[in-house]
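Residue numbers (our numbering): 1 to 435.
Don't be surprised by glycine CBs; every beta carbon is placed ideally from N, CA and C.
Please read the structure below before turning to the comments.
Structure representation (structure tokens):
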């Protein structure tokens, strides 16, 4: 009897731990996937189409990975993705159930061959498909009246429920089969859909109010749980952090961003098998309302928040960049040199140093309390960003033990799966000593 009671106690404790994993910060649960690049627990990757912008600095000079590390495909660049234009004109059938899956997959292979002719080094593969989601209820909330009419009226013999069932089944098939095809063709990349997961916590009428929390609604979290078929087939998660319509540098902006990241990490923990899925938020760097670049405080709210919460990295992203004149190219170059580049060096170096100091290079530092605005930043009194190479910078200084103690107070280690030895690359990007 005593042995049976002991077993029941152990089972109860195991169940309690599982519930904690499901409903608290995912950083306390399973291990993390080993970094995309050894020795670099947090990456800033470049996904801006700016090669025609003469004079812009090399992102690699600031430790930002590009040159094939990120491949982003859109509705019109991979396969025969069905959608409606802004003028309600159907493309490739308009709806998932009205396109040919076989022809779509044939086109996917051809587009991949043209865009990624070589297998290449490990990298990321992002399918940025946002014209619809595979869940009917979410489409009803975000699409126009004319688009809804198209959903239900293309085939008058179908009732509303049949239309919904057909749409979701076809949408799921397109997404699943496309992910399977791209992974088969380019298996060295971490493939996933963007902008998913999303917790729909943005409301322009509420975000500036004092009572705005930014928390993901329970109904949206439940809908994300229903997409487990998508997460299980993804190599990484690519949520979007778009501040283009938000007030610059406000608490509401931070609450929006941190809860989007937190929800992605929650889903990553649920969907992982031997390790949590890596999370790489896509960060738009231009405010659409002012056509200006993200301020440093909003880089902290997005890039810095992602690093502190335990994301594997971020993708600096724009689908197109309005830098068609020499003046605008010059302004963009100045922004990279003076704001974005130095901050990328700061946060990636701090993440690397914290991982070495607290986790012996076998994990990444993750904020203990998700709601606390503590960050992986270099101590400004002990580090300087000095010119490095033709146009970049590197962090040089000493890391005092007192600062390591602060990291220990605010951060814990998220261990990498089955990682015993880490080979550090490019350690010359910074020099440091521990007092």
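Residue i versus the options, residue with shortest Cα-Cα distance
i, options, result
"residue 462", "167, 271, 108 and 295", "The requested residue 462 does not occur in the structure, where the chain is confined to residues 1 to 435."
"residue 82", "230, 178 and 116", "178"
"residue 342", "371, 392 and 32", "392"
"residue 222", "67, 88, 270 and 163", "270"
"residue 357", "409, 110 and 259", "409"
"residue 48", "365, 57 and 231", "57"
"residue 183", "321, 71, 62 and 164", "71"
"residue 398", "418, 282, 374 and 350", "350"
"residue 122", "45, 92 and 267", "45"
"residue 272", "225, 112 and 257", "225"
"residue 35", "124, 326 and 61", "124"
"residue 230", "257, 171 and 84", "171"
"residue 215", "192, 252 and 243", "252"
"residue 366", "105, 316 and 415", "415"
"residue 378", "407, 102 and 390", "407"
"residue 164", "139, 289, 113 and 175", "139"
"residue 413", "364, 373, 292 and 274", "364"
Buried/exposed call for residue i, threshold 16 Cβ in 10 Å
i, result
"residue 137", "exposed"
"residue 228", "exposed"
"residue 181", "buried"
"residue 380", "exposed"
"residue 86", "exposed"
"residue 384", "exposed"
"residue 219", "exposed"
"residue 97", "buried"
"residue 65", "buried"
"residue 371", "exposed"
"residue 40", "buried"
Nearest-angstrom Cβ-Cβ length linking residue i and residue j, presumed shorter than 8 Å
i, j, result
"residue 347", "residue 318", "At roughly 20 Å, the Cβ-Cβ gap does not stay under 8 Å, so residue 347 and residue 318 are not in contact."
"residue 33", "residue 298", "Incorrect: roughly 28 Å between the Cβ atoms, too far for contact."
"residue 310", "residue 55", "Not confirmed; about 36 Å, so no contact."
"residue 73", "residue 107", "Not a contact, Cβ separation roughly 12 Å."
"residue 209", "residue 241", "Not quite, the Cβ-Cβ distance comes to about 20 Å (not below 8 Å), so this is no contact."
"residue 345", "residue 62", "5 Å"
"residue 354", "residue 376", "6 Å"
For residue j and residue i, the rounded distance between their alpha carbons
i, j, result
"residue 329", "residue 338", "14 Å"
"residue 162", "residue 173", "17 Å"
"residue 88", "residue 232", "33 Å"
"residue 187", "residue 205", "43 Å"
"residue 211", "residue 247", "16 Å"
"residue 26", "residue 265", "Summary for residue 26: the model assigns pLDDT 38, below 50, so the residue's position carries little reliability; its value from the coordinates is reported in the next sentence. Cα to Cα, the separation comes out at about 6 Å."
"residue 51", "residue 38", "27 Å"
"residue 417", "residue 78", "33 Å"
"residue 144", "residue 94", "With a pLDDT of 47 at residue 144, under the threshold of 50, the predicted position of this residue should be treated as unreliable, though the coordinate-derived value follows. Cα to Cα, the separation comes out at about 14 Å."
"residue 278", "residue 169", "27 Å"
Below-8 Å beta-carbon distance, residue i vs any chain B residue
i, result
"residue 406", "Here there is only one protein chain, and chain B is not present."
Residue i: CB within 7 Å of a non-hydrogen atom of the ligand SAH
i, result
"residue 382", "Ligands are entirely absent from the displayed structure, and the ligand SAH is therefore not among its contents."
Sufficient close CB pairs (3 or more, under 8 Å) joining the region 231 to 240 to the region 194 to 214: The region 231 to 240 is in contact with the region 194 to 214.
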